[in-house]
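Colleague: There's a structure below that I have some questions on.
There are 2 protein chains.
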Amino acid sequence: MNIGDAAARSGLPAKTIRYYEDIGLVSPARSNNGYRDFSDTDLHNLAFVQRARSLGFSIEECRALLSLYDDRERASADVKALAKAHLDQIEGKISGLQAMQKTLSELVHKCHGDDRPDCPILDGLAGEHRKEVCK
Amino acid sequence: MNIGDAAARSGLPAKTIRYYEDIGLVSPARSNNGYRDFSDTDLHNLAFVQRARSLGFSIEECRALLSLYDDRERASADVKALAKAHLDQIEGKISGLQAMQKTLSELVHKCHGDDRPDCPILDGLAGEHRKEVCK
DNA sequence: GCTTGACCTTCCAGACACTGGAAGCCTTAT
DNA sequence: ATAAGGCTTCCAGTGTCTGGAAGGTCAAGC
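In the order they appear, the protein sequences are chains A and B. In terms of this note's numbering, the first sequence opens at residue 1 and continues consecutively. In terms of this note's numbering, the second sequence opens at residue 1001 and continues consecutively.
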């Protein structure tokens, strides 16, 4: 299967698939004409990575997950630990963003948003209401 | 004020401040010895950017905010629009992360996490329970 | 005056995960 | 024969720093 089909079936852009080959995430065979030739296994790996990436795993985490997938002897606890660590990271990011959201929505709410120049948002950023921006 | 003091007072690493000068966010004067010499205004701008960055504004948004701050004639509506757009972005990121969190925590929950090899997390990523990973 | 250590300077490279574009080869259809 | 579209490689850029090397400057202590 050529890269275009692999792209369509895995949901990844062809450019990204070439990049994944570059960094060793997949190693498709080559046809006589030099084109990449993706097997079902290659395609599976690509789709696997696509899903893992969409869950926010880093490339290195995807690499680890792929090798755990290949290792039929590994303990599921190893996978769970990796996933749990990532889940904690996601939850940390959510908390951080929620804190930003709270502060920023308060500022936006306070700003009358008309054609007058004074603006609580800029005042907040400038530190004039510091306790409300950086508590 | 030297860069070390500016760093301590703005909460930014010295490296980052040099980078901000590189990209034109601040333009500190220079002393005779070639050291950067930060004025109160420079320091204010750094602290401003530090706060805006901590609220997740991009560098280019910070640049826009700084120039809005400098423009004593601007309408607060302009600032509000920028902040609101950013707030929407943050909310979008939160939703995305929450979707990841939901899917991943379901998978983690399903995985027994012992020393047996079968693992619902990897199965999910491999697409064997596709509807639960990619709805 | 000399050394030491802390500070400052510039420049280069690397991190992440792609993404765009240029130049050129291959295939398929007309 | 030609044109369109797919494929190849390689180089460069994105955003936001961060680390490190090589070297200049300053203040304190001997």
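All residues carry an ideal CB built from backbone N, CA and C; glycine is no exception.
Using only the alpha-carbon positions, how far apart do B/E1061 and B/D1114 sit?
Modeller: The residue you call residue 1061 of chain B lines up with position 61 of the second sequence. The residue you call residue 1114 of chain B lines up with position 114 of the second sequence. Near 48 Å, if we compare the C-alpha coordinates of B/D1114 and B/E1061.
Colleague: Against chain B, does A/M1 count as a neighbour if the rule is that its beta carbon must be under 7 Å from one of theirs?
Modeller: Walking along the first sequence from the start, residue 1 of chain A turns up at place 1. For A/M1, the answer is no, since every Cβ of chain B falls outside 7 Å of its Cβ.
Colleague: Kindly identify the DSSP beta-bridge partner or partners of B/D1037.
Modeller: Working through the second sequence from its first residue, we reach residue 1037 of chain B at position 37. The partner list for B/D1037 (beta bridge, DSSP) reads B/A1029.
Colleague: Taking its Cβ as the centre, do 16 or more other Cβ atoms sit within 10 Å of A/P120, making it buried, or is it exposed?
Modeller: Counting from 1 along the first sequence, the entry for residue 120 of chain A is found at position 120. Buried is the call here.
Colleague: Which value, in whole angstroms, describes the spacing of the CA atoms of A/D78 and A/Y20?
Modeller: Taking the first residue of the first sequence as position 1, residue 78 of chain A is located at position 78. Taking the first residue of the first sequence as position 1, residue 20 of chain A is located at position 20. Going by the C-alpha atoms only, they are around 24 Å apart.
Colleague: Quick one: grab the DSSP three-state call for B/M1100.
Modeller: For this step, residue 1100 of chain B is matched to residue 100 along the second sequence. In this structure, B/M1100 counts as helix in the three-state DSSP scheme.
Colleague: Given B/L1066, which residues of its chain have a CB within under 8 Å of its CB, disregarding the five upstream and five downstream residues?
Modeller: Taking the first residue of the second sequence as 1, we reach residue 1066 of chain B at position 66. Around B/L1066: L1025, N1045, F1048, V1049.
Colleague: Taking its Cβ as the centre, do 16 or more other Cβ atoms sit within 10 Å of A/P28, making it buried, or is it exposed?
Modeller: Within the first sequence, the letter at position 28 stands for residue 28 of chain A. Counting Cβ neighbours within 10 Å, A/P28 comes out buried, since at least 16 surround it.
Colleague: Strictly under 7 Å for the Cβ-Cβ distance: is A/A52 near chain B by that measure?
Modeller: The sequence position of residue 52 of chain A within the first sequence is 52, counting from 1. Output row for A/A52: interface = yes.
Colleague: Are the C-beta of B/P1013 and some C-beta of chain A separated by less than 7 Å?
Modeller: Your numbering for residue 1013 of chain B matches position 13 in the second sequence. So no, B/P1013 is outside the interface.
Colleague: Distance check for B/G1011 and A/Y69, CA to CA, integer angstroms please.
Modeller: In the first sequence, the residue the question calls residue 69 of chain A occupies position 69. In the second sequence, the residue the question calls residue 1011 of chain B occupies position 11. Approximately 44 Å, taken between the alpha carbons.
Colleague: Along the alpha helix (DSSP H) that carries B/S1010, what are the first and last residues, could you check?
Modeller: The residue labelled residue 1010 of chain B in the question sits at position 10 within the second sequence. Here the alpha helix (DSSP H) through B/S1010 covers 1003-1010.
Colleague: B/D1088: beta carbon under 6 Å from a heavy atom of the ligand FAD?
Modeller: For the structure depicted, the ligand FAD is absent and the ligand set is empty, with no information on it obtainable.
Colleague: By the 8 Å beta-carbon criterion, what residues does the segment 1101-1113 of chain B contribute toward chain A?
Modeller: Hits within the stretch, in order: Q1101, T1103, L1104, S1105, L1107, V1108, C1111, H1112, G1113.
Colleague: Can you look up B/R1074 in the DSSP assignment and give me helix, strand or coil?
Modeller: Counted from its first residue, the second sequence places residue 1074 of chain B at position 74. If DSSP states are grouped into helix, strand and coil, B/R1074 belongs with coil.
Colleague: Using the rule of at least 16 other Cβ atoms within 10 Å of the residue's Cβ for burial, across every protein chain shown, is A/S76 buried or exposed?
Modeller: Reading the first sequence from its first residue, position 76 is the one you call residue 76 of chain A. So A/S76 counts as buried.
Colleague: In whole angstroms, what is the alpha-carbon distance linking B/L1082 and B/D1040?
Modeller: Mapped onto the second sequence, residue 1082 of chain B falls at position 82. Mapped onto the second sequence, residue 1040 of chain B falls at position 40. Cα to Cα, B/L1082 sits roughly 26 Å from B/D1040.
Colleague: Compare the C-beta of B/F1048 with all C-beta atoms of chain A and state if any pair is closer than 7 Å.
Modeller: If you number the second sequence from 1, residue 1048 of chain B lands on position 48. Yes, B/F1048 counts as interfacial toward chain A.
Colleague: How big is the Cα-Cα spacing for A/S31 and A/R9?
Modeller: Walking along the first sequence from the start, residue 31 of chain A turns up at place 31. Walking along the first sequence from the start, residue 9 of chain A turns up at place 9. Between A/S31 and A/R9, the C-alpha separation is close to 19 Å.
Colleague: Answer yes or no: do B/R1036 and B/I1003 have a C-beta to C-beta separation smaller than 7 Å?
Modeller: For the purposes of this step, residue 1036 of chain B is taken as residue 36 along the second sequence, with counting starting at 1. For the purposes of this step, residue 1003 of chain B is taken as residue 3 along the second sequence, with counting starting at 1. Their beta carbons are under 7 Å apart, which means B/R1036 touches B/I1003 by this criterion.
Colleague: Cβ closer than 7 Å: which chain A residues qualify as neighbours of B/D1115?
Modeller: For the purposes of this step, residue 1115 of chain B is taken as residue 115 along the second sequence, with counting starting at 1. The answer, in chain order, is A75, A77.
Colleague: Work out the CA separation of B/H1112 and B/T1016 for me, nearest whole Å.
Modeller: The residue given as residue 1016 of chain B occupies position 16 in the second sequence. The residue given as residue 1112 of chain B occupies position 112 in the second sequence. The alpha-carbon atoms of B/T1016 and B/H1112 are separated by roughly 45 Å.
Colleague: How about A/Y35: is its C-beta nearer than 7 Å to some C-beta of chain B?
Modeller: For the purposes of this step, residue 35 of chain A is taken as residue 35 along the first sequence, with counting starting at 1. Not one chain B Cβ lies under 7 Å of A/Y35.
Colleague: Going by CA-CA distance only, name the one from A/R51, A/P13, A/A14 that's closest to B/G1127.
Modeller: Your numbering for residue 1127 of chain B matches position 127 in the second sequence. Ranking the options by Cα distance to B/G1127, first place goes to A/R51.
Colleague: Would you say A/L66 reaches chain B, if we count a Cβ-Cβ gap shorter than 7 Å as a contact?
Modeller: As a working note, residue 66 of chain A is residue 66 in the first sequence. False, the Cβ-Cβ gap to chain B never drops below 7 Å.
Colleague: Give the residues of chain B in contact with A/D118, contact being defined as C-beta atoms less than 7 Å apart.
Modeller: To locate residue 118 of chain A, count along the first sequence from 1; it is residue 118. Under the 7 Å cutoff, chain B gives S1076.
Colleague: Just to check my reading of the structure: B/T1103 and A/L107 have Cβ atoms closer than 8 Å, yes? What is that Cβ distance to the nearest angstrom?
Modeller: Here residue 1103 of chain B is taken as the residue at index 103 of the second sequence, counted from 1. Here residue 107 of chain A is taken as the residue at index 107 of the first sequence, counted from 1. B/T1103 to A/L107, Cβ: 32 Å. No contact.
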